[in-house]
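J.: Below you'll find the structure I mean.
Encoded structure:
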């Protein structure tokens with residue numbers, strides 16, 4: 001159908017919870033035939049597809065005392081919203097409260113003027129969302145709460161840190177790795193990389209709530225304060241990178257456990273106790289002793305073998321030394 005476009009330079013208030021674009025609310029479409037409905041149609045290859053519809057309306061014309069704009073909204077031939085009168089330089093949004101299907105995948109929305117209306121219907125903007133069924137579970141709730149708390153602690157505003165942190169995989173938050181082997185089990189966050197992210201303040205306590213975390217990278221930021229004890233108590237945590245910060249105090253004893261890959265260089269005020277180096281020396285000493293012992297055993301076995309060969313050769317030689325007279 002043919003539309004007539006009308007625009008205004010006046011300011012339009014868009015302050016509702018949907019916040020449609022202001023430029024959209026300063027422009028309207030009305031049917032070219034003032035007595036005809038304004039019709040919007042679209043189709044889908046999936047006849048069972050479900051939709052959410054959000055329609056935005058603003059009255060941008062200066063109506064005379066004898067003029068009225070009022071219309072009904074029909075969706076697929078059924079009344080959806082009755083007697084709608086748009087706000088003057090304001091925003092009215094009609095939204096779906098539940099998903100709606102269309103007839104065989106063909107959708108139709110009509111704005112039809114009421115009998116008391118002297119003006120045709122108008123529409124500023126509309127949004128259509130298709131319901132997508134995801135076979136995988138959403139991220140574990142405790143992990144979602146923890147990562148949102150971490151983001152709030154550091155005032156992170158990464159563009160894609162919206163929605164579910166781990167799912168869908170293509171929209172996974174930057175800096176995260178998650179478990180995804182079993183789609184029936186909620187994913188868990190296993191890696192958090194906030195390196196070179198301009199972090200300030202102390203190491204966020206919410207990190208300890210990521211109980212399946214295996215790798216944590218907070219390097220090359222401006223973190224201050226001490227290294228918290230809870231990092232050493234996170235049983236799944238195997239790699240911790242804290243280098244290039246301004247951490248201070250002593251390194252907790254719990255972080256000196258075997259099997260933990262810990263990097264703290266570049267923190268001049270952080271003290272690493274001598275006890276953290278003793279296990280390393282002991283390990284090296286044991287390795288050297290084991291190597292020397294192995295070499296000594298090999299040499300002893302070689303000498304025994306050579307001695308055995310020598311005795312055997314003499315015995316054979318004596319066997320063939322017979323006097324012939």
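Numbering (full-length UniProt numbering), first residue to last: 1 to 325. C-beta: ideal position from N, C-alpha, C; glycine also.
#1: Which of helix, strand or coil does DSSP assign to residue 327?
#2: Given residue 16, which residues of its chain have a CB within under 7 Å of its CB, disregarding the five upstream and five downstream residues?
#3: First and last residue of the beta strand (DSSP E) that includes residue 115?
#4: Per DSSP, what kind of secondary structure is residue 330 in: helix, strand or coil?
#5: Could you compute how far the alpha carbon of residue 213 sits from the alpha carbon of residue 267?
#6: Would you identify the three-state DSSP class for residue 141, choosing helix, strand or coil?
#7: Looking at C-alpha atoms only, which residue of 123, 244 and 68 is the closest neighbour of residue 38?
#8: State the DSSP-derived secondary structure class of residue 235, mapped to helix, strand or coil.
#9: On the DSSP letters alone, give me the boundaries of the beta strand (DSSP E) that residue 217 sits inside.
#10: Would residue 199 and residue 222 qualify as a contact pair, given that the criterion is a beta-carbon distance under 8 Å?
#11: Does the beta-carbon of residue 2 have 16 or more other beta-carbons within 10 angstroms, so that it is buried, or is it exposed?
#12: Per DSSP, what kind of secondary structure is residue 261 in: helix, strand or coil?
#13: Excluding the 5 residues flanking residue 242 on each side, which residues of the same chain have their C-beta closer than 6 Å to its C-beta?
#14: Could you tell me if residue 80 is buried or exposed, where buried requires 16 or more neighbouring beta carbons within 10 angstroms of its beta carbon?
#15: What does DSSP give as the partner residues of residue 17 in its beta bridges?
#16: Please determine, among 247, 260, 95 and 254, the residue with the shortest C-alpha to C-alpha distance to residue 269.
#17: Here's the rule I'm using: 16 or more other beta-carbon atoms within 10 Å means buried, otherwise exposed. How should residue 41 be labelled?
#18: Nearest by alpha-carbon distance to residue 255: which of 229, 271, 249 and 244 is it?
#19: Round the Cβ separation of residue 58 and residue 87 to the nearest angstrom and send it over; I've been treating them as touching at under 8 Å.
#20: CB-CB under 6 Å to residue 110, same chain, minus the five flanking residues each way: which ones, in chain order?
#21: Write down every uninterrupted run of the alpha helix (DSSP H) in the UniProt domain "Malectin-like" (2–131) whose length is 4 residues or greater and which is fully enclosed by it, in chain order.
T.: According to the structure shown:
#1: For residue 327 there is no data in the structure shown, the boundaries of the chain being 1 and 325.
#2: 91 and 93
#3: From DSSP, residue 115 is part of no beta strand (DSSP E); its letter is neither H nor E.
#4: The requested residue 330 is not part of the displayed model; the chain covers only 1 to 325.
#5: 23 Å
#6: helix
#7: 123
#8: coil
#9: 215–217
#10: yes
#11: exposed
#12: strand
#13: 218 and 264
#14: buried
#15: None; residue 17 has no bridge partner.
#16: 247
#17: exposed
#18: 229
#19: 7 Å
#20: 37, 39 and 74
#21: 22–25
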